[in-house]
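Asks: The opening position of the sequence shown corresponds to residue 24 in this note's numbering, with each subsequent residue numbered one higher.
C-beta: ideal position from N, C-alpha, C; glycine also.
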Amino acid sequence: MEVQDTVTHDTTIGELSRLCGVPVRTIRYYCDEGLLEARRSSGGHRVFDDTAVESLILVRRLRAVGLGLNAIGDILSGRLSIGEAVDAEQCALDAEWGDLARRRASLDALSTAQDGYRAHAVLVGFWQRLFAGATSTEVFDRFIEMTVPQPPSQTGPAHVVAYAELVALARQPAFAIAMARQLWRFEPSRISDRRGLVTGVAEACDMALLPVQSGEPPPAGPAVDRFVDAHAKARRDADSPPFRHALIANAGADTDPAIRRYWDLFSEIGGETTTVGSTQRWLYDGLRLAAA
Numbered sequence: 024m025e026v027q028d029t030v031t032h033d034t035t036i037g038e039l040s041r042l043c044g045v046p047v048r049t050i051r052y053y054c055d056e057g058l059l060e061a062r063r064s065s066g067g068h069r070v071f072d073d074t075a076v077e078s079l080i081l082v083r084r085l086r087a088v089g090l091g092l093n094a095i096g097d098i099l100s101g102r103l104s105i106g107e108a109v110d111a112e113q114c115a116l117d118a119e120w121g122d123l124a125r126r127r128a129s130l131d132a133l134s135t136a137q138d139g140y141r142a143h144a145v146l147v148g149f150w151q152r153l154f155a156g157a158t159s160t161e162v163f164d165r166f167i168e169m170t171v172p173q174p175p176s177q178t179g180p181a182h183v184v185a186y187a188e189l190v191a192l193a194r195q196p197a198f199a200i201a202m203a204r205q206l207w208r209f210e211p212s213r214i215s216d217r218r219g220l221v222t223g224v225a226e227a228c229d230m231a232l233l234p235v236q237s238g239e240p241p242p243a244g245p246a247v248d249r250f251v252d253a254h255a256k257a258r259r260d261a262d263s264p265p266f267r268h269a270l271i272a273n274a275g276a277d278t279d280p281a282i283r284r285y286w287d288l289f290s291e292i293g294g295e296t297t298t299v300g301s302t303q304r305w306l307y308d309g310l311r312l313a314a315a
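1) V76 and L99: beta carbons closer than 7 Å?
2) Nearest-angstrom Cα distance between G96 and F166?
3) Within the continuous alpha helix (DSSP H) that includes F209, where are the two ends?
4) Three-state secondary structure (DSSP) at T34?
5) Would G309 and P241 be called neighbours here (beta carbons separated by less than 7 Å)?
6) Using the three-state DSSP reduction, which class does R284 fall into: helix, strand or coil?
7) DSSP three-state call for V70: helix, strand or coil?
8) Near D279, what residues of its chain come up, given a Cβ to Cβ distance below 6 Å and the 5 sequence neighbours on each side ignored?
9) Work out the CA separation of F71 and E25 for me, nearest whole Å.
10) Quick check on the burial criterion: 16 or more other C-beta atoms within 10 angstroms. Buried or exposed for G300?
11) DSSP three-state call for R258: helix, strand or coil?
12) On the CB-based measure, 16 or more other CB atoms within 10 Å of its CB, does A261 come out buried or exposed?
13) R102 by DSSP, collapsed to three states: which one?
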């Protein structure tokens, strides 16, 4: 709305409202927020000078394009240019969108977890995509028993929420990337025998199972050697100090918070303290300590 009137005298709040098409209560709010300057008449009423119309129209237009009051205040005071204010507002909006997306994903996961079969299928699908033919059906089914908890028979909120968190993790691309890094370790393009690697790592985990369950510290030994040998042979390489260093240097996924959270939830739901995740960490710690 373009305003043709020119104000050359003190303007009351009612007149300013009529000229600009802005409710009186909104003008009062803008004054309280410091966006409009006003003074008090002898009767105690707000009055405005001849710049108020232009200022209020600018505020209204900036609000219409999506700028917040703080950003508008910075523009009017000269602290920020319009371009700078827009950039800052876009960054804030991106953060809000990210928060909303995470909330929506969490709600979707919680909805999925209401159906135990559907939630279980999401987790199985996650591991199927990760292995992508790198195991036989028999080995994969055995692996699923150790990595995907059965949906809780109890329908209490705590059980459903824990399973929902697993589902939410499985749907996050970043989590899939981290799990792939833990599985394949480094230079996955060099791996010529993925089935052999998975089989060898599974054997190393089996060898480490009893020490992990008994709480023994991770020493250098047969389990760690089998773990390294599996990775080396899958890349047509040999177990050597440089190769072990490469395994250690590319083991960041072992300490990834999301991966740790997955296995913590697995333990919470299934009641098992020894998991594939804890065994993998034990092997990594043994490898790292042996190289120290």
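Replies: Quick look at the numbers:
1) For the purposes of this step, residue 76 is taken as residue 53 along the sequence shown, with counting starting at 1. For the purposes of this step, residue 99 is taken as residue 76 along the sequence shown, with counting starting at 1. Cβ atoms of V76 and L99: not closer than 7 Å.
2) Translated into positions along the sequence shown, residue 96 becomes position 73. Translated into positions along the sequence shown, residue 166 becomes position 143. If I take the Cα positions, the gap works out to 59 Å.
3) As a first step, residue 209 must be located in the sequence shown, where it is residue number 186. First-last for F209: undefined, no H or E at that position.
4) On the sequence shown, position 11 is the one that residue 34 refers to. Correct three-state label for T34: strand.
5) To locate residue 309, count along the sequence shown from 1; it is residue 286. To locate residue 241, count along the sequence shown from 1; it is residue 218. Yes. Within cutoff.
6) Translated into positions along the sequence shown, residue 284 becomes position 261. Three-state DSSP puts R284 in a helix.
7) As a working mapping, residue 70 is identified with position 47 in the sequence shown. In this structure, V70 counts as strand in the three-state DSSP scheme.
8) Within the sequence shown, residue 279 is the residue found at index 256, counting from 1. The residues are A201.
9) What you label residue 25 is simply residue 2 of the sequence shown in a count that begins at 1. What you label residue 71 is simply residue 48 of the sequence shown in a count that begins at 1. Because the pLDDT of E25 is 42, which lies under 50, any placement of that residue in the model is unreliable, and the number read from its coordinates should be weighed accordingly. Going by the C-alpha atoms only, they are around 19 Å apart.
10) Working through the sequence shown from its first residue, we reach residue 300 at position 277. Burial check for G300: the Cβ neighbour count within 10 Å reaches 16 or more, so the residue is buried.
11) Within the sequence shown, numbered from 1, the residue matching residue 258 stands at position 235. Coil, per DSSP.
12) Mapped onto the sequence shown, residue 261 falls at position 238. Counting Cβ neighbours within 10 Å, A261 comes out exposed, since fewer than 16 surround it.
13) On the sequence shown, residue 102 is found 79 positions in, with the first residue counted as 1. Looking at R102 - three-state DSSP - the assignment turns out to be coil, as it is neither helix nor strand.
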